[in-house]
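Working notes for the structure below.
Protein chains: 2
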Amino acid sequence: MNETVVRGGRVWRPGRALEAADVLIRDGVIVAVGPDVGTADAEIIDVPGQLILPGLVEAHCHLDKTLYGGPWVPHSAGEPLAERIANDRDRRGELGIPDVDRITALLERMIACGTSHVRSHTDVDPEVGLRGIEAVRAAADRLDGRVTVEQVAFPQHGVLTNPGTAELLEEALKNGVETIGGIDPAGFDRDPVGQLNVIFGLAGRYGAGIDIHLHDGGTLGAFEFELVIERTEAAGLGGRVAISHGYALPQIDAAHRERLVERLAAAGVTLVTGAVYDFPVPPVKKLRAAGANVACGHDGIRDLWGPFGSGDMLERAMHLAYRNTFRRDEDIELALEAATHGGARLLGLPAYGLEPGAPADLVAVRAGTAAEAVVTHPPRDLVLKNGRTIVQNGVLLPG
Amino acid sequence: MNETVVRGGRVWRPGRALEAADVLIRDGVIVAVGPDVGTADAEIIDVPGQLILPGLVEAHCHLDKTLYGGPWVPHSAGEPLAERIANDRDRRGELGIPDVDRITALLERMIACGTSHVRSHTDVDPEVGLRGIEAVRAAADRLDGRVTVEQVAFPQHGVLTNPGTAELLEEALKNGVETIGGIDPAGFDRDPVGQLNVIFGLAGRYGAGIDIHLHDGGTLGAFEFELVIERTEAAGLGGRVAISHGYALPQIDAAHRERLVERLAAAGVTLVTGAVYDFPVPPVKKLRAAGANVACGHDGIRDLWGPFGSGDMLERAMHLAYRNTFRRDEDIELALEAATHGGARLLGLPAYGLEPGAPADLVAVRAGTAAEAVVTHPPRDLVLKNGRTIVQNGVLLPG
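Sequence lines, in order, name chains A and B. Using my numbering, read the first sequence as starting at 6 and increasing by one per residue. Using my numbering, read the second sequence as starting at 6 and increasing by one per residue.
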């Protein structure tokens, strides 16, 4: 029996006071959280006074596109979306994207920052085929269980407007990809009902989840929210569908927003946000108060779409809290919840958090409160994945 | 003759290509920038391939209010401005604000991050009197020339609405405080012309600069911009007046904004921004294209007004670039310019930058380009102030 006690920390669980408690881990799973747990034989890891968080969840990124770990590449795209997509298509060959080494470098960075689960939207189109999917899998395999990577087969360059894409999305699902993506069914693909019917159809046939990029703003985007919600309810897919970005939600008038928030909650559709650049940020407090799930991710990290992003989900939670003008601890913790439990709900993890029965994925940092950890995003002194110590003093340990 | 060569770096100057060059320093002043400078006797500091930036300029903070360096203090204020002001007034006594040790800790942090000049808005009111001014001076004195601190006598709790404040502002100017502040002449003090006349009157009598907090939004705030511009022109104070925050500018319609940007440029009024929380951020590119000056600062850092802020001006420039949705190197550099040369212009520094004749205030970091330094804000490997090495490997050297 392999028993470990993470001793002397203060355990964070959303909505509860911090609790000075030891964490008892047996065979990679948390079996008890409290005072004086464990047998005399247990291996002891002392974290005196440190804050213990569950493994962080990166809920929306694009691993396949990253240039992370390589030299700085100045951004070369124009501003309009169409130009950025064209730039992406033109330059990914030149830069050797997707690149397993770069994806590995970014995953290593994420792990060193305490991320235990990642959802990555991977380009699938007739030009790149399933090479991105394979590259992300190859990189994840190299990390040998130190992080879990779920992929979304993502039609970055359109579904209806890019012939052959739907067939490749289906191919990806047959190949075991867990989730199917979409992009601006109206604004980009020019036929919201058409794209959503393809996506929901495929999801139904293969038992896949759905996660749709929705940048379309205002009442157009809000209409697409409604189409997604209607189809989620009709297909009984509550809990398995997400809208990423969803810029429309903060843009529409308050009464409309309130109705949409209620409908997201009732339908079990998650809103995933990165709080990136100056783009609209969802009202996290209102969403959570209504019972809607919110998850958080970086979106692109050092890629042809933009040079920003660090891979650190505590820093990303800072952006989400900051853009919500959260100042109070209990509000800032909502951003951390999105970067932990919210992401875990999105991914449908069967057990998660600092509770008995959950895999022992945890992070220890020096911070007085969870809010301080978000504000300062200090080095990760200790990271465990399935009970295994994989990071010490901010450094990823060799496999 | 005390000669130093900072050797092997790549020198950043706004609007110019990076240049591989050595920096020759004599008696604390840069005397040459180029290849193979200096005599055989010069002390050599090798910075192979590193990016060399001028000393960073923190153009707007509130040193007197900070709780930096102490334990985490959960935010306790309500949302409306009046509640936050009341919370500040109620709790500053309890928490021992202003505190010379905490101000010193924050200044040390700023120095370790490469900041060489600071403008701090310090509360002046009948309750606190000039104690804040004295505390900031005492802390700056402790740092013994490693950073330059300019103060703004700041009527946080109003001028007209807080009797005795105008007299204390005058007292501060008599005491050598360089700049006089103001706050929302309309929204807070209820008489824009009245407050501005007091402030411009005092500035004229004592030869002080002016830096006014203006949160008032929309057309009200824009009207106050105009009042400030008119008085700046009438008094011949071009180059010595700033509006901090100026949320109205991005809020008004585009044509109105364009006129106001032109007038700011013509009048020589600087716009100072922190790009804080979700508050409106000025259009940096438009301002600079019109020739208006932009400077950058944190606003509050870990105080009763909010828990955020790190003291790192490269990180702050990141926020400014990010909220402007700058992706291209030359755009991101505009944010760095605000955090360096823009701040230097605001402060009226007679010589500044990586040019012969300027004090040798410089920072070396590992970054491929200035934009990368903003995005990653890496540790400061070396910081010089007036030619003196004060930071190595991110650590402030003992006095």
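Cβ coordinates follow ideal geometry from the N, Cα and C atoms, glycine included.
query	result
Closest Cβ-Cβ distance between Glu-377 (chain A) and chain B: below 8 Å?	yes
Assuming Ile-215 (chain A) contacts Thr-184 (chain A) under a Cβ cut-off of 8 Å, what Cβ separation, rounded to an integer in Å, is found between them?	7 Å
Tell me where the alpha helix (DSSP H) around Phe-228 (chain B) begins and ends.	223 to 239
Mind checking Glu-360 (chain A): buried by the 16 CB within 10 Å criterion, or exposed?	exposed
Quick one, which residues of the region 308 to 326 of chain A are near chain B if we go by CB-CB under 9 Å, in chain order?	Trp-310, Gly-311, Pro-312, Phe-313, Gly-314, Ser-315, Met-323, His-324, Ala-326
For the region 273 to 315 of chain A, list the beta strand (DSSP E) runs that are entirely contained and at least 3 residues long, ordered along the chain.	274 to 278, 299 to 301
If you follow the beta strand (DSSP E) that Ala-64 (chain A) is part of, which residue opens it and which one closes it?	61 to 66
Nearest by alpha-carbon distance to Pro-312 (chain A): which of A:Ser-81, A:Val-28, A:Val-34, A:Pro-40 is it?	A:Ser-81
Using the DSSP secondary-structure output, state which residues sit across from Gly-206 (chain A) in a beta bridge.	Beta-bridge pairing links Gly-206 (chain A) to no other residue.
Excluding the 5 residues flanking Asp-308 (chain A) on each side, which residues of the same chain have their C-beta closer than 7 Å to its C-beta?	His-67, Lys-70, Thr-71, Leu-72
Between A:Leu-232, A:Phe-284, A:Arg-245, A:Pro-19, which lies nearest to Tyr-211 (chain A) when the distance is taken from Cα to Cα?	A:Arg-245
Looking at the structure shown, is Thr-345 (chain A) part of a helix, part of a strand, or coil, going by DSSP?	helix
What does DSSP give as the partner residue(s) for Gly-187 (chain A) in the beta ladder?	A:Ile-217
Between which two residues does the beta strand (DSSP E) containing Glu-2 (chain A) stretch?	Given a span of 6 to 404 for chain A in the structure shown, any question on residue 2 (chain A) remains unanswerable.
Which residues, in order along the region 326 to 350 of chain A, keep a beta-carbon less than 8 Å from a beta-carbon of chain B?	Tyr-327, Arg-328, Asn-329, Thr-330, Arg-332, Arg-333, Asp-334, Ile-337
Between which residues of its own chain and Ala-270 (chain B) is the CB-CB distance below 7 Å, once the five residues before and five after are set aside?	Ala-295, Gly-296, Ala-297
Report yes or no: is there a C-beta of chain B within less than 8 Å of the C-beta of Thr-278 (chain A)?	no
Which same chain residues, not among the five before or five after Pro-19 (chain B), have their C-beta less than 6 Å away from its C-beta?	Glu-342, His-346
To the nearest angstrom, how far is it from the Cα of Leu-292 (chain B) to the Cα of Glu-338 (chain B)?	14 Å
Can you pull the DSSP bridge partners for Arg-124 (chain A)?	A:Glu-155
I'd like to know whether the C-beta of Val-286 (chain B) is nearer than 8 Å to at least one C-beta of chain A.	yes
For Leu-401 (chain B), which residues does DSSP report across the bridge?	B:Val-396
What number of angstroms, rounded off, separates the C-alpha of Leu-367 (chain B) from the C-alpha of Val-400 (chain B)?	15 Å
For the region 359 to 387 of chain B, which residues have a CB atom closer than 8 Å to at least one CB atom of chain A, in sequence order?	Ala-372, Gly-373, Thr-374, Ala-376, Glu-377, Val-380, Thr-381
Report yes if the C-beta distance between Asp-336 (chain A) and Pro-79 (chain B) is below 8 Å; otherwise report no.	no
With a threshold of 8 Å between beta carbons, is His-80 (chain A) in contact with chain B?	yes
According to the neighbour-count rule (16 or more other Cβ atoms, all chains shown, within 10 Å of its Cβ), is Pro-53 (chain A) buried or exposed?	exposed
Since Ile-116 (chain A) contacts Val-388 (chain A) with CB under 8 Å, what's their CB separation in whole angstroms?	7 Å
Going by C-alpha to C-alpha distance, which of A:Glu-231, A:His-303, A:Phe-228, A:Glu-88 sits closest to His-250 (chain A)?	A:His-303
Please list the partners that Tyr-357 (chain B) has in chain A, where partner means a Cβ-to-Cβ separation under 9 Å.	Near Tyr-357 (chain B) there are no residues of chain A at all, since even the closest Cβ is about 26 Å away, more than 9 Å.
Can you list the residues of chain B that Pro-407 (chain A) reaches, using a CB-CB cut of under 8 Å?	Since the displayed chain A opens at 6 and closes at 404, residue 407 (chain A) lies outside it and no answer follows.
Mind checking whether Leu-61 (chain A) and Thr-120 (chain A) have CB atoms under 8 Å apart?	yes
Please report the residue range of the beta strand (DSSP E) in which His-80 (chain B) lies.	Careful: His-80 (chain B) lies outside any beta strand (DSSP E) and carries neither H nor E.
Going by Cα to Cα distance, which pick from B:Thr-109, B:Val-16, B:Glu-8, B:Val-10 is closest to Gly-373 (chain B)?	B:Val-16
Under the three-state reduction of DSSP, which class applies to Asp-130 (chain B): helix, strand or coil?	strand
List the residues of chain B that Asp-283 (chain A) touches, going by C-beta distances under 8 Å, in chain order.	Val-286, Tyr-327, Arg-328, Asn-329, Thr-330
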